[in-house]
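The opening residue of the sequence shown carries number 16 in the working numbering; numbering runs sequentially from there. Glycine included, each C-beta is placed from N, C-alpha and C at the ideal position. The structure appears below as structure tokens.
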Amino acid sequence: MNVLIIGAGGFIGGFIARESLRRGYTTWAGVRESTSRRFLTDPQLRFVTLDYSDPAVMARQLEEAMPEGEKWDWIVYNLGATKCTNFADFNRINLTFLRNTIEALRQSGKMPHRFLFMSSLSALGPGDENGYAPLTGRTIPQPNTRYGVSKIKAEIFLETCADVPWTIFRPTGVYGPHEQDYLMMIKSIDRHWDFAVGFKQQTLTFIYVEDLASAIFDALASEATMRRKYIISEPRSYSQKEFRTIVARELGRKFVIPIRLPLWALYGASVVAEKIGVLRMKPSTLNRDKYRIMKQRNWNCSVDEAVADFGFSPKYSLADGIHQTVLAYRGSGEGVGK
């Protein structure tokens, strides 16, 4: 089985590559010239450098990577931007680069047997924030972030491509070793502070990165998933208090001060952080798009369709995943104390 992972250089991409190799697949990592390979150190990996901005150049690169007459069985498209200094880059990276990739696959004759696109639960938008009904595959998308809009545009584009054998994943919050956004929350709790926002009930959902990587290949192996979309999450939700309790227990922190900020304060901080990011020419983790994500009260979701179609069954509860994440955090030497 030949597998190409496009956008393999990031946190999630490294785990996808590792899972592909673990299953015995011949695995290519598609990366940009400037992409860090810190998570792609296995000597079995094969690399192909790709220019996502030019379909013709990318087609030639794909042809050179795979012998004539051969093509990848599966392609996992994990390329994407979750934060940008210029909001227009969301469309450029999350939509235009996908279009260019599909065109390059057509030009090179390398269209795979299956193509899995990594979207996001943010493509659906806030959902029901009164009755807290779970987001499902039947939820009408109403994204309220530039990131979410760019993802739903990419999904719609794929739906128009009759020659692309696509499957779409919409994972909820992905966490695990090396991930940075949730790591900020873990570091804060390690310092005895837990910051939450808004005073209305909020439900949170998570998926451990290894469970996401495993689900990708389970879905690709099933014909039932052809041209279908799936929410990927641990099949239960948590409160901020439950998250804090689990993290504090793993860190050995018996005393953590919960601080709940009003949404207006978060918005003000987001605007300031975003402007500082622009001045530094570096995307800020906290920005107006992130504010809308943190403002969202209902992240509860249903994974029934994934269970039915390819037997989706996460191995890691949040407690199990946080245990692994904290072990990696401690092992990195960043921990405040032992």
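Where residue i sits in the DSSP three-state scheme
i      : result
Asn17  : strand
Trp89  : strand
Pro114 : In the sequence as presented, Pro is not what sits at residue 114; that position holds Arg. It is helical.
Thr260 : helix
Tyr306 : helix
Gly283 : helix
Gly84  : coil
Asn145 : coil
Arg52  : coil
Leu120 : helix
Leu294 : helix
Beta-carbon proximity of residue i to residue j, cut-off 9 Å
i      : j      : result
Phe221 : Ser248 : yes
Met81  : Asn115 : no
Ala169 : Asn101 : no
Glu144 : Arg33  : no
Thr64  : Arg53  : no
Pro186 : Ile246 : yes
Val18  : Val91  : yes
Tyr162 : Thr97  : yes
Val262 : Met200 : yes
Gly45  : Lys86  : no
Ser134 : Phe184 : yes
Asp324 : Ser229 : no
Leu13  : Ile27  : With the chain covering 16 to 353 only, the question about residue 13 has no answer from this structure.
Whole-angstrom distance between residue j and residue i, CA atom to CA atom
i      : j      : result
Asp226 : Pro70  : 32 Å
Tyr67  : Asn302 : 26 Å
Ser328 : Gly152 : 17 Å
Lys353 : Glu194 : Because Lys353 carries a pLDDT of 42, less than 50, the predicted location of this residue cannot be relied on, and the following value inherits that uncertainty. Computed Cα separation, rounded: 21 Å.
Ile20  : Thr182 : 14 Å
Gly140 : Leu113 : 21 Å
Leu136 : Pro156 : 10 Å
Ala334 : Gly39  : 29 Å
Val164 : Ile308 : 13 Å
Leu372 : Asp88  : Examination of residue 372 is not possible in this model, given that the chain is present from 16 through 353 alone.
Asp319 : Pro149 : 11 Å
Lys269 : Glu257 : 14 Å
Gly142 : Thr160 : 13 Å
Arg259 : Trp314 : 17 Å
Leu266 : Lys330 : 22 Å
Bounding residues of the beta strand (DSSP E) (the contiguous stretch that carries residue i)
i      : result
Phe30  : Looking at the DSSP string, Phe30 is not in any beta strand (DSSP E); the run it does join, the alpha helix (DSSP H), is Phe26 to Arg37.
Leu276 : Ile272 to Leu276
Ala44  : Thr41 to Val46
Lys244 : Lys244 to Ile247
Tyr197 : It is not in any beta strand (DSSP E) - Tyr197 instead sits in the alpha helix (DSSP H) that spans Asp196 to Asp205.
Asp209 : Trp208 to Val212
Arg153 : From DSSP, Arg153 is part of no beta strand (DSSP E); its letter is neither H nor E.
Phe325 : Where Phe325 is concerned, there is no enclosing beta strand (DSSP E), although the alpha helix (DSSP H) it sits in stretches over Asp319 to Phe325.
Phe105 : Counting along the chain, Phe105 falls outside any beta strand (DSSP E), though it belongs to the alpha helix (DSSP H) covering Ala103 to Asn106.
Gly95  : Unbroken run through Gly95: none, as it is neither H nor E.
Thr187 : From DSSP, Thr187 is part of no beta strand (DSSP E); its letter is neither H nor E.
Val385 : In this structure the chain extends from 16 to 353, so residue 385 is not present and cannot be described.
Arg129 : Arg129 to Met133
Close beta carbons around residue i, own chain, < 6 Å, minus the five adjacent residues each side
i      : result
Gln118 : The amino acid at residue 118 is misidentified as Gln; the sequence shows Glu. Excluding sequence neighbours, Glu118 sits near Pro70.
Gly191 : Tyr223, Val224 and Thr340
Ile167 : Ala138, Pro156 and Pro158
Met16  : Tyr40 and Asp88
Arg129 : Trp89, Pro180 and Leu235
Asn106 : Ser165
Contacting residues, own chain, Cβ-Cβ under 7 Å from residue i (five flanking each side not counted)
i      : result
Tyr282 : Tyr306
Asp196 : Thr300
Lys215 : Arg312
Val286 : Arg303
Thr154 : Leu139 and Gly142
First through last residue of the alpha helix (DSSP H) which encompasses residue i
i      : result
Asp335 : Leu333 to Gly346
Ile171 : Arg161 to Glu174
Pro70  : Pro70 to Ala80
Leu227 : Val224 to Leu235
Close-in-space but distant-in-sequence residues of the same chain around residue i (CB under 8 Å, 5 per side omitted)
i      : result
Trp208 : Val271, Ile272 and Ile274
Ser254 : Gln216, Gln217, Thr218 and Leu219
Heavy atom of the ligand FMN within 8 Å of residue i beta-carbon
i      : result
Phe325 : Among the components modelled here there is no ligand, and therefore nothing to report on the ligand FMN.
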